[in-house]
Amino acid sequence: MKDTDLAKPLSMKVTGLSLSAFLLVTYLLCIGFGLVMPERFHMHEAWAPLLPGFEWLTWTGFFFGAAGAYLYGWYIAVVFVPLWRFFSRRT
């Protein structure tokens, strides 16, 4: 990695898309895990308080959960990138 690569500002678009994709893939893996594992290993109880509208094993709940996971990625990016830029300028 070159020094000029480190000097580039963090991109809101790239960060938002990356975090949203990461959280969406994680959500889908957790749903898949819950479908193949016994009930005592289900993780849907962890998602329910975090994702408004999420309900286990309903189509509307699945899509609300997926949309919520995707939007959380953008929320994190919108908060994190300006903070990163602020503190990176100060150091």
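In this note's numbering, the protein residues as written are -10 to 80.
Every residue, glycine too, gets a C-beta built ideally from N, C-alpha and C.
Checklist entry - Which same chain residues, not among the five before or five after Phe53, have their C-beta less than 6 Å away from its C-beta? => result Gly42 and Phe43
Next on the checklist: Is the beta carbon of Val70 closer than 8 Å to that of Thr4?
Outcome noted: yes
Checklist entry - Roughly how many whole angstroms lie between the Cα atoms of Leu18 and Lys2? => result 24 Å
Checklist entry - Looking at the structure shown, is His31 part of a helix, part of a strand, or coil, going by DSSP? => result If DSSP states are grouped into helix, strand and coil, His31 belongs with coil.
Checklist entry - Among Thr15, Thr80 and Trp73, which has the Cα closest to the Cα of Ala56? => result Thr15
Item to check | Ser0 versus Phe75 - alpha carbon distance | outcome: Going by the C-alpha atoms only, they are around 13 Å apart.
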